[in-house]
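Trainee: Respectively, the protein sequence lines represent chains L and Y.
Heads up, the first sequence is in our numbering, so the first residue is 1 and it goes up one at a time.
Heads up, the second sequence is in our numbering, so the first residue is 218 and it goes up one at a time.
Cβ atoms here follow ideal geometry from the backbone N, Cα and C, with glycine treated the same way.
Can you keep this structure in mind? I'll have questions shortly.
There are 2 protein chains.
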Amino acid sequence: MTLSEENYLKAIYHLGRDAKGAISTNAIAEVMATKASSVTDMIKKLADKGLVKYKRYQGANLTEDGRLYAISVIRKHRLWELFLVEKLNFSWDEVHDVAEQLEHVKSDKLIEELDAFLDFPSVDPHGDPIPDKDGNIQASAKVLLATLKTGEKGVCVGVKNSSRAFLQYLDRLEVSLGKELTVLGKEPFDNSIAIRVGDTAIHISSLAANNLYVKKL
Amino acid sequence: MTLSEENYLKAIYHLGRDAKGAISTNAIAEVMATKASSVTDMIKKLADKGLVKYKRYQGANLTEDGRLYAISVIRKHRLWELFLVEKLNFSWDEVHDVAEQLEHVKSDKLIEELDAFLDFPSVDPHGDPIPDKDGNIQASAKVLLATLKTGEKGVCVGVKNSSRAFLQYLDRLEVSLGKELTVLGKEPFDNSIAIRVGDTAIHISSLAANNLYVKKL
DNA sequence: AGTTAATTTTAGACAGAGCTAAAAATTTAT
DNA sequence: ATAAATTTTTAGCTCTGTCTAAAATTAACT
Numbered sequence: 001m002t003l004s005e006e007n008y009l010k011a012i013y014h015l016g017r018d019a020k021g022a023i024s025t026n027a028i029a030e031v032m033a034t035k036a037s038s039v040t041d042m043i044k045k046l047a048d049k050g051l052v053k054y055k056r057y058q059g060a061n062l063t064e065d066g067r068l069y070a071i072s073v074i075r076k077h078r079l080w081e082l083f084l085v086e087k088l089n090f091s092w093d094e095v096h097d098v099a100e101q102l103e104h105v106k107s108d109k110l111i112e113e114l115d116a117f118l119d120f121p122s123v124d125p126h127g128d129p130i131p132d133k134d135g136n137i138q139a140s141a142k143v144l145l146a147t148l149k150t151g152e153k154g155v156c157v158g159v160k161n162s163s164r165a166f167l168q169y170l171d172r173l174e175v176s177l178g179k180e181l182t183v184l185g186k187e188p189f190d191n192s193i194a195i196r197v198g199d200t201a202i203h204i205s206s207l208a209a210n211n212l213y214v215k216k217l
Numbered sequence: 218m219t220l221s222e223e224n225y226l227k228a229i230y231h232l233g234r235d236a237k238g239a240i241s242t243n244a245i246a247e248v249m250a251t252k253a254s255s256v257t258d259m260i261k262k263l264a265d266k267g268l269v270k271y272k273r274y275q276g277a278n279l280t281e282d283g284r285l286y287a288i289s290v291i292r293k294h295r296l297w298e299l300f301l302v303e304k305l306n307f308s309w310d311e312v313h314d315v316a317e318q319l320e321h322v323k324s325d326k327l328i329e330e331l332d333a334f335l336d337f338p339s340v341d342p343h344g345d346p347i348p349d350k351d352g353n354i355q356a357s358a359k360v361l362l363a364t365l366k367t368g369e370k371g372v373c374v375g376v377k378n379s380s381r382a383f384l385q386y387l388d389r390l391e392v393s394l395g396k397e398l399t400v401l402g403k404e405p406f407d408n409s410i411a412i413r414v415g416d417t418a419i420h421i422s423s424l425a426a427n428n429l430y431v432k433k434l
């Protein structure tokens, strides 16, 4: 499997998470930052390898083999991200590009030993679950902060959007995974939310509240 | 710089270590396991980038830029090898292929943090020096075991040949870096050498003795 | 020195991944 | 239901890195 093929599988997997049914060529082209024609070529190749199901003009879907392969790449990505944060002093907004490279290194022993070295973690630095060796993913009972009602409490457990800008914004607000927060109130005018984190009260925009996952307490 | 270009630079660097003067196209082709014509093409490309000096039919040499680039790749390779052995339970004969992949990951922060995480080591698991950030390589006063005279003592500090077969052979003899050994005698018939390692006496072939570095005591 | 041998370079081709432009199929909308 | 708009595919080109076969250059050996 080439680097490019692995990246396509990941992209199709992630697109399949939200939208059910077949994934359109255009949607894949957008996340891969390439052209629909290139996507068609690649999908055909992946279909030949039995990793995606594909009917002309009907979009693509991962086969079970493809799904497992995609998950194995995601497992590597997330383990490396955690390694970078825990052992090499990276911050959560710096890890993505490097993990994107490391995830393609081929060695079963490497990844299993890394897993053990990190003590078999279950979530990465963004709160996303780390699939186990067999491709099982621990689903966590998380909801968007925006869905909490006034007075409810939650622990910050993940981000939906892990762009640098958003992560750095959270850093400035001193919001990080594991932090407990309480919803003080909602502002009807712009849907922003007043929350208390530790003993400081802050305002968080609607957009931010729709990209931050919490576990209700 | 592509993966292929980096590998060529490394190959030329290593070939230049022994043979002085220009490195022949054929020599490069051999270590790269490719054809001379492919080497010519690549050398031209590297020459265009100012990384090698090249005159038609006269072989190639690294420029200063090329040398520094090659060393930076070697630095990464050796740091990763040490990481694999020290942190992930790899043995010294298992690390090469994985380090070969990891060495191409691009991130200055990654490699400097890895260096710090490993506590700024100076040698890799095979006893080869790890270049520092600026490309300086600590030369060590090592000699081949074969050059020791009867009665002399040395500490095992490196291997010239780091093939799996040789490393596993050393493992079976329980010879590893840091082990102290004494030359008990040489066998004129086949040039094999009798040595004492710890409190067991063993025989080591001439070939092995010419691939094992020791520091005289 | 001159001829053969070995090395190195050129020329032309190919496979992988991607692009553009144009054709085909499907969807949407009048 | 048919035309317009959108999406998807095809066809043909480009760029890397490689290969083979043939030509050019250098080296080696009488």
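Taking only the alpha-carbon atoms, compute the straight-line gap between glycine 151(L) and valine 157(L) and give it to the nearest angstrom.
Mentor: Along the first sequence, one-based indexing puts residue 151(L) at 151. Along the first sequence, one-based indexing puts residue 157(L) at 157. Cα to Cα, the separation comes out at about 19 Å.
Trainee: Just how far apart, CA to CA, sit valine 105(L) and leucine 319(Y)?
Mentor: What you label residue 105(L) is simply residue 105 of the first sequence in a count that begins at 1. What you label residue 319(Y) is simply residue 102 of the second sequence in a count that begins at 1. Near 7 Å, if we compare the C-alpha coordinates of leucine 319(Y) and valine 105(L).
Trainee: Nearest to proline 342(Y) by alpha carbon, out of Glu281(Y), Leu331(Y), Glu303(Y) and His420(Y)?
Mentor: Residue numbering aside, residue 342(Y) sits at position 125 when the second sequence is read from its first letter. Answer by Cα proximity: Glu303(Y).
Trainee: Out of Lys55(L), Leu46(L), Ile202(L) and Ser163(L), point me to the one whose CA is closest to threonine 2(L)'s CA.
Mentor: Taking the first residue of the first sequence as 1, we reach residue 2(L) at position 2. Here the closest residue by C-alpha is Leu46(L).
Trainee: What residues match up with tyrosine 54(L) in a beta bridge as DSSP calls it?
Mentor: For the purposes of this step, residue 54(L) is taken as residue 54 along the first sequence, with counting starting at 1. Ala60(L).
Trainee: Any idea which residues DSSP pairs isoleucine 23(L) with across the strands?
Mentor: Your numbering for residue 23(L) matches position 23 in the first sequence. Answer by DSSP bridge pairing, in chain order: Ala60(L).
Trainee: Using a Cβ-Cβ cutoff of 9 Å, what residues of the segment 86-106 of chain L are near chain Y? List them in chain order.
Mentor: Cβ contacts with chain Y come from Lys87, Leu88, Asn89, Phe90, Glu94, Asp97, Val98, Gln101, Leu102, His104, Val105 and Lys106.
Trainee: To the nearest angstrom, how far is the alpha carbon of tyrosine 286(Y) from that of aspartate 416(Y)?
Mentor: By 1-based counting over the second sequence, the position of residue 286(Y) is 69. By 1-based counting over the second sequence, the position of residue 416(Y) is 199. In a straight line, the C-alpha of tyrosine 286(Y) is about 45 Å away from that of aspartate 416(Y).
Trainee: Have a look at arginine 164(L) and leucine 362(Y) and give me their C-alpha separation to the nearest angstrom.
Mentor: Position 164 of the first sequence holds residue 164(L). Position 145 of the second sequence holds residue 362(Y). The straight-line gap from Cα to Cα measures roughly 54 Å.
Trainee: Whose Cβ in chain Y lies nearer than 7 Å to the Cβ of phenylalanine 120(L)?
Mentor: Residue mapping note: residue 120(L) aligns to position 120 of the first sequence, counting from 1. Result: empty, since nearest Cβ-Cβ is about 14 Å, beyond 7 Å.
Trainee: At 3 residues or longer, and completely inside the segment 138-199 of chain L: list those beta strand (DSSP E) runs for me, N to C.
Mentor: Counting only runs of 3 or more, we get 153-159, 180-186 and 193-197.
Trainee: Among residues of its own chain, excluding the 5 on either side of valine 340(Y), which ones have a beta-carbon nearer than 7 Å to its beta-carbon?
Mentor: Walking along the second sequence from the start, residue 340(Y) turns up at place 123. Cβ neighbours of valine 340(Y) beyond the five flanking positions: Pro346 and Ile347.
Trainee: How many angstroms separate the CA atom of lysine 359(Y) from the CA atom of leucine 434(Y)?
Mentor: Looking up residue 359(Y) in the second sequence gives position 142. Looking up residue 434(Y) in the second sequence gives position 217. In a straight line, the C-alpha of lysine 359(Y) is about 11 Å away from that of leucine 434(Y).
Trainee: Using the Cβ count rule (16 or more neighbours within 10 Å means buried), how would you classify glutamate 298(Y)?
Mentor: For the purposes of this step, residue 298(Y) is taken as residue 81 along the second sequence, with counting starting at 1. Glutamate 298(Y) comes out buried.
Trainee: Straight-line CA distance for aspartate 310(Y) to histidine 203(L)?
Mentor: Sequence index remark: in the second sequence, residue 310(Y) carries index 93 (1-based). Sequence index remark: in the first sequence, residue 203(L) carries index 203 (1-based). Roughly 56 Å separates the two Cα atoms.
Trainee: Check the Cβ-Cβ distances between leucine 327(Y) and every residue of chain L, and say whether any is below 8 Å.
Mentor: Here residue 327(Y) refers to the residue found at position 110 of the second sequence. It does: the Cβ of leucine 327(Y) has a partner Cβ on chain L nearer than 8 Å.
Trainee: Assuming the contact rule is C-beta atoms closer than 8 Å, threonine 182(L) and arginine 172(L) should be a hit. Round their C-beta distance to whole Å, please.
Mentor: Counting from one through the first sequence, the residue named residue 182(L) turns up at place 182. Counting from one through the first sequence, the residue named residue 172(L) turns up at place 172. With a Cβ gap of about 20 Å, threonine 182(L) and arginine 172(L) do not count as contacting.
Trainee: With the cut-off set at 8 Å, would you say valine 73(L) and glutamate 6(L) are in Cβ contact?
Mentor: As a working note, residue 73(L) is residue 73 in the first sequence. As a working note, residue 6(L) is residue 6 in the first sequence. Cβ atoms of valine 73(L) and glutamate 6(L): closer than 8 Å.
Trainee: Could you please give me the residues that DSSP links to phenylalanine 431(Y) through a beta bridge?
Mentor: On the second sequence, position 214 is the one that residue 431(Y) refers to. With the sequence shown as reference, residue 431(Y) is identified as valine, and phenylalanine is not the correct amino acid for it. In the DSSP output, where bridge partners are listed per residue, valine 431(Y) has Val360(Y) and Cys373(Y).
Trainee: Specify the secondary structure class of valine 73(L) as computed by DSSP and reduced to three states.
Mentor: The count along the first sequence starts at 1 and reaches residue 73(L) at position 73. It is helical.
Trainee: Roughly how many angstroms separate the alpha carbons of valine 155(L) and glycine 178(L), rounded to a whole number?
Mentor: Stepping through the first sequence from its first residue, residue 155(L) is reached at position 155. Stepping through the first sequence from its first residue, residue 178(L) is reached at position 178. C-alpha separation (whole angstroms): 6 Å.
Trainee: By Cβ distance below 8 Å, which residues in the same chain neighbour alanine 246(Y) in space, the five residues on each side in sequence not counted?
Mentor: The residue labelled residue 246(Y) in the question sits at position 29 within the second sequence. Excluding positions up to five away in sequence, the list reads Lys252, Ala253, Ser255 and Val256.
Trainee: Going by Cα to Cα distance, which pick from Glu330(Y), Ile240(Y) and Leu365(Y) is closest to lysine 350(Y)?
Mentor: Here residue 350(Y) refers to the residue found at position 133 when the second sequence is read from its first residue. Of Glu330(Y), Ile240(Y) and Leu365(Y), the residue nearest in Cα terms is Glu330(Y).
Trainee: Kindly indicate which three-state DSSP category isoleucine 347(Y) falls into: helix, strand or coil?
Mentor: Residue 347(Y) sits at position 130 when you count from the first residue of the second sequence. Reduced to three states, the DSSP call for isoleucine 347(Y) is coil.
Trainee: From the DSSP output, read off the bridge partner residues of valine 123(L).
Mentor: Within the first sequence, the letter at position 123 stands for residue 123(L). Bridge partners of valine 123(L): Pro129(L).
Trainee: Per DSSP, what kind of secondary structure is alanine 218(L) in: helix, strand or coil?
Mentor: Because residue 218(L) is not part of the residues shown, which for chain L are 1 to 217, the question remains open.
Trainee: What is the rounded straight-line gap between the Cα of alanine 208(L) and the Cα of alanine 27(L)?
Mentor: By 1-based counting over the first sequence, the position of residue 208(L) is 208. By 1-based counting over the first sequence, the position of residue 27(L) is 27. If you take the alpha carbons of alanine 208(L) and alanine 27(L), they lie about 24 Å apart.
Trainee: For glutamate 100(L), which residues in the same chain have their Cβ closer than 8 Å to its Cβ, ignoring the five residues on either side in sequence?
Mentor: As a working mapping, residue 100(L) is identified with position 100 in the first sequence. These residues qualify, in order along the chain: His77.
Trainee: By the three-class DSSP mapping on this structure, what secondary structure does glycine 116(L) have?
Mentor: Taking the first residue of the first sequence as position 1, residue 116(L) is located at position 116. Here residue 116(L) is alanine; the residue named in the question, glycine, does not match the sequence. The answer is helix: DSSP assigns alanine 116(L) an H, G or I state.
Trainee: Measuring only the C-alpha atoms, how far is glycine 66(L) from tyrosine 271(Y)?
Mentor: Taking the first sequence and counting its residues from 1, the one referred to as residue 66(L) is at position 66. Taking the second sequence and counting its residues from 1, the one referred to as residue 271(Y) is at position 54. Between glycine 66(L) and tyrosine 271(Y), the C-alpha separation is close to 46 Å.
Trainee: Between valine 431(Y) and the rest of its own chain, which residues show a CB-CB distance below 8 Å, the 5 nearest in sequence each way excluded?
Mentor: Residue numbering aside, residue 431(Y) sits at position 214 when the second sequence is read from its first letter. Here the set comprises Lys359, Val360, Leu361, Leu362, Leu365, Gly371, Val372, Cys373, Val374 and Leu398.
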